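K.L.:
Residue numbers (our numbering), protein chains in the order written: chain A, 34 to 492; chain B, 34 to 492.
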């Protein structure tokens, strides 16, 4: 695509100017003070599509609006749905920013501003790539649908409701999301797996009030002791979760995947230093990356009981509670895990203690095959733009919208992160490499070409 | 002692008036607002001794003063040290009091006021009994020393410092304390055992900040998980504490003691209903009273980690902590238990977790032989005054000052509670039965007579 790449090179300066324009809009979705700025960012994004000649809609939700656009129909060609978000994280603590968060400043080849990497810059790459195709070729090689939301950083339900209601309208052959990171500098990545989650809260109740630990201790069931016992019973010495059936449906890593994980330059010492821990631990028989990306977990996220103040209070607490997170991997079923958890906890709950288990949420993990034609198309595009083949990584966290696309649209979700893990996405001095911005646009333009030869369900 | 009992009967009304005068003084030691009232109560108590012709001192401490007095020397007779306190608990929540806490009101034979049972009424019985002896016989049959403090309810160090410094001055053959309860109505008790305590705080640290449980979960040691595991490891399924050497020095109950405990009318259903629990639990092989009075315990008094708010936060906490109470029985040594605890925790502390153990306090248990001549003297006195022999009970809690007397003065401490367990000692509507007040005075007067024939170390 020499002509397209030429166009991209010629327009670098203007692309950056437009990118910076968007960065100047303080579209903090979590803070009502910025309501008008969020709306302005939505209009700015819609304006980009209109300039391309794509009919764009600003779709109201219960919160901030969605921007939806479609490229002109290319009959018979595959369809990709691009997802991104135009809203940004809050900027506190403001005093830690070197330059103001909404005045983009370039230093050492990076642009510093809130939203630079997450997700304005990354999202924009897929708009500018379309512009290049239209300018040079007069048309796109595939069909593009864009769904750009404004509530990603504030947990809004708008996009979920929309996807659920408009599955037909959003029908596509794959989804493209650039809202994550490369594995490292000059080491682009395709994220092929996300973990799912079961998040539950356990509440134990013993006596009807806090009792004196001297007068009652030894004869009355203590919910704090019971909590320790029950939480400890959920995992064994080898780091294996003791929920019945927990591992039944886990998709095991193939030898090839384990080799590939092992070949990644993972610096354990740097990782340890970064979190200030003295040792890495976890399920026996697995490496750190395997534990993080491909194995399910059990973490206590919070716990409380009795007296937490200074000094000593001799109390036998009336209640104790804990928040539990189980990270799931494909194909674990959250409902089945919750049922097993309930059984196990009931089994180990001691006499004299009442147990209540509340499930806050559950979601499946997502796995995209490295061998899928869409993944392979993305790999070729990334390699051409970045000069290196992407590594196939996974992510230990969950991204609800990706699960949504995967489950409701039934297609592969291509997670093509152009950012870096030190972009300070939710911290002061967020940045995005301008080189990565431009390589992202090139990769995106190339991706449309590569996807054109992929199979399509038609529509 | 017909004449003395006659005197007591004749003076009932005046004794009550004087008792109520003391109750009208709002001697709340924990609240600086009441500083002058506390001082006034000390002067009131000192005034009582002066009227008996006992030289009385008001002894300043770092906090509220001690009142100290001695009866005129009776050569060759044994010496009893009476301990009590003139300060009272706070009165919040005031709106739950039927009548104001410092306006004594008599209802159904009880006087309602803060401090009625704890400890003004009980303490005063040992003053009025001396008055009767002096009025009727012109002298006491034994030597009495009185140490009445004003910081019992606020944890002041004054009395401990004084006892430590003035062991010679306080030298005696036994200590008499009335600051507890009968086993039930018309069922007087002598408390022959108190448990000791080790109270410690465990702090676990993992990563240097709270981490995302998705991005890091499975590979990083979680201090909340570790806390559950470590706390659970301190006790087994049969309720046996797993600290090395924990039971080595425990004085086992004799068959006679177990029979005697078993013969007490302990209503398990009522006990359960009172605390709203569904079952009583504890160390295998022991009854509830044995567990409460004669067996050591392990209770988690508080615990905390990570997110404790509403809903879900997917955090892998940086730290977790717990407060631990071990109730000890004679002859367990707190220092040895702390050492064993430290060893055990270090043994079960998982890799990647730093552990800090702080000991807040430790104290030995106290055991007074039922067969000691002083206990037997008290039993005879109680039976004569109450018309029923006392039962020998123990108390699961610790009373630091009793441990102090036991250890520093090396004598038996007679815990003769005239109160009832429903006297609301630290709650609104505190009360004391006037019948018990007068029976307490009679028992005290009889006690001086009975102690006169006990062995004495001389002085």
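Where a beta carbon is used, it is the ideal one built from N, C-alpha and C, also for glycine. As the structure is a prediction and not an experimental result, all values here were calculated from the model.
Please name the residue, chosen from A/419, A/487, A/184, that lies closest to residue 216 of chain A on a Cα-to-Cα basis.
P.N.:
For residue 216 of chain A, the nearest C-alpha among the options comes from A/419.
K.L.:
Residues of chain A with CB under 8 angstroms from residue 316 of chain B, in chain order?
P.N.:
By Cβ distance, chain A contributes 251.
K.L.:
Among residues of its own chain, excluding the 5 on either side of residue 312 of chain B, which ones have a beta-carbon nearer than 8 angstroms to its beta-carbon?
P.N.:
Once the five neighbours on either side are set aside, the close Cβ partners of residue 312 of chain B are 305.
K.L.:
State yes or no: is the beta carbon of residue 248 of chain A nearer than 8 angstroms to at least one beta carbon in chain B?
P.N.:
So yes, residue 248 of chain A belongs to the interface.
K.L.:
In chain B, which residues lie with their C-beta within 8 angstroms of the C-beta of residue 328 of chain A?
P.N.:
Near residue 328 of chain A (Cβ distances below 8 angstroms), the residues of chain B are 251.
K.L.:
For residue 353 of chain B, list the residues DSSP reports as bridge partners.
P.N.:
Answer by DSSP bridge pairing, in chain order: B/237, B/338.
K.L.:
Can you pull the chain B residues whose beta carbon is under 9 angstroms from the beta carbon of residue 375 of chain A, in chain order?
P.N.:
Those within 9 angstroms of residue 375 of chain A in chain B number zero; the least Cβ separation is about 17 angstroms.
K.L.:
Could you give the DSSP three-state label for residue 159 of chain B: helix, strand or coil?
P.N.:
In this structure, residue 159 of chain B counts as helix in the three-state DSSP scheme.
K.L.:
With burial defined as no fewer than 16 other Cβ atoms inside 10 Å of the residue's Cβ, what is the status of residue 71 of chain B: buried or exposed?
P.N.:
By the neighbour-count rule (16 or more Cβ atoms within 10 Å), residue 71 of chain B is buried.
K.L.:
Excluding the five sequence neighbours on either side, which residues of its own chain have a C-beta within less than 7 angstroms of the C-beta of residue 347 of chain A, listed in chain order?
P.N.:
Within the same chain, residue 347 of chain A has close Cβ partners 245, 246, 247.
K.L.:
Taking C-alpha atoms, which residue in A/204, A/52, A/350, A/188 lies nearest to residue 159 of chain A?
P.N.:
Residue 159 of chain A has its Cα closest to that of A/52, out of A/204, A/52, A/350, A/188.
K.L.:
Does the separation of the CB atoms of residue 447 of chain B and residue 407 of chain B fall below 8 angstroms?
P.N.:
Yes. Within cutoff.
K.L.:
Taking a Cβ distance cut-off of 8 angstroms, strictly less, list which residues of the region 416-444 of chain A are near chain B, in chain order.
P.N.:
Hits within the stretch, in order: 428, 429, 430, 431.
K.L.:
With three or more beta-carbon pairs closer than 8 angstroms as the criterion, would you say the region 331-346 of chain A touches the region 247-267 of chain A?
P.N.:
Yes, the region 331-346 of chain A touches the region 247-267 of chain A.
K.L.:
Please go through the same chain and pick out, in chain order, the residues whose beta-carbon is closer than 7 angstroms to the beta-carbon of residue 276 of chain B, but skip the five residues on each side of it.
P.N.:
Excluding residues within five positions, the ones whose Cβ falls inside 7 angstroms are 267, 370, 373, 374, 377.
K.L.:
For residue 219 of chain A and residue 41 of chain A, I'd like the C-alpha separation in whole angstroms.
P.N.:
Their backbone Cα atoms lie some 20 angstroms apart in a straight line.
K.L.:
Is the region 96-105 of chain A close to the region 132-144 of chain A, with three or more CB pairs under 8 angstroms?
P.N.:
No, the region 96-105 of chain A is not in contact with the region 132-144 of chain A.
K.L.:
Under a CB-based cut-off of 8 angstroms, is residue 58 of chain A close to chain B?
P.N.:
So, not an interface residue.
K.L.:
Taking residue 321 of chain B as the query, report the chain A residues whose CB atoms sit under 7 angstroms from its CB, ordered along the chain.
P.N.:
Correct list: 252.
K.L.:
Skipping 5 residues on each side, what residues in its chain have a beta carbon closer than 6 angstroms to that of residue 393 of chain B?
P.N.:
Here the set comprises 232.
K.L.:
Write down every uninterrupted run of the alpha helix (DSSP H) in the region 148-212 of chain B whose length is 4 residues or greater and which is fully enclosed by it, in chain order.
P.N.:
Taking only runs of at least 4 residues, the alpha helix (DSSP H) segments lying wholly in the region 148-212 of chain B are 154-170, 191-198.
K.L.:
Alpha carbon to alpha carbon, what distance is there between residue 127 of chain B and residue 240 of chain A?
P.N.:
Rounded to whole angstroms, residue 240 of chain A to residue 127 of chain B spans 25 angstroms at the Cα level.
K.L.:
Using a Cβ-Cβ cut-off of 8 angstroms (strictly less than) and excluding sequence neighbours within five positions of residue 189 of chain A, which residues of its own chain qualify?
P.N.:
So the qualifying residues of the chain are 62, 94, 95, 96, 97, 182, 183.
K.L.:
Using a Cβ-Cβ cut-off of 6 angstroms (strictly less than) and excluding sequence neighbours within five positions of residue 152 of chain A, which residues of its own chain qualify?
P.N.:
Excluding sequence neighbours, residue 152 of chain A sits near 117, 118, 212.
K.L.:
Check for me: the alpha helix (DSSP H) holding residue 470 of chain B runs from which residue to which?
P.N.:
Element bounds for residue 470 of chain B: 467-484.
K.L.:
If I'm right that residue 82 of chain A touches residue 161 of chain A with Cβ under 8 angstroms, what's the distance once you round it to whole angstroms?
P.N.:
Not confirmed; about 12 angstroms, so no contact.
K.L.:
For residue 291 of chain B and chain A, any beta-carbon pair shorter than 8 angstroms?
P.N.:
So no, residue 291 of chain B is outside the interface.
K.L.:
Alpha carbon to alpha carbon, what distance is there between residue 388 of chain B and residue 397 of chain A?
P.N.:
So the alpha carbons of these two residues sit roughly 36 angstroms apart.
K.L.:
Tell me the residue span of the beta strand (DSSP E) that contains residue 445 of chain A.
P.N.:
Start and end: 445-450.
K.L.:
Measuring CA to CA, which of B/441, B/466, B/79 is closest to residue 195 of chain B?
P.N.:
Closest option to residue 195 of chain B, Cα to Cα, is B/441.
K.L.:
Using the Cβ count rule (16 or more neighbours within 10 Å means buried), how would you classify residue 482 of chain A?
P.N.:
Residue 482 of chain A comes out buried.
K.L.:
Taking the beta carbon of residue 357 of chain B as the centre, do at least 16 other beta carbons fall within 10 Å, making it buried, or is it exposed?
P.N.:
When all chains shown are included, residue 357 of chain B counts as buried.
K.L.:
Taking C-beta pairs closer than 8 angstroms, name the residues in chain A that residue 324 of chain B reaches, listed in chain order.
P.N.:
Chain A residues near residue 324 of chain B: 251, 252.
K.L.:
Below 7 angstroms CB to CB, which residues in the same chain sit around residue 465 of chain A once its five sequence neighbours on both sides are set aside?
P.N.:
Cβ neighbours of residue 465 of chain A beyond the five flanking positions: 143, 144, 149, 150, 154, 452, 456.
K.L.:
Chain A beta carbons: is any one of them nearer than 8 angstroms to that of residue 334 of chain B?
P.N.:
Closer than 8 angstroms to some Cβ of chain A, the Cβ of residue 334 of chain B qualifies, so yes.
K.L.:
Less than 8 angstroms between the CB atoms is what I'm expecting for residue 129 of chain B and residue 461 of chain B, so what's the real figure, rounded?
P.N.:
Yes, they are in contact, since the Cβ atoms of residue 129 of chain B and residue 461 of chain B sit about 4 angstroms apart, within 8 angstroms.
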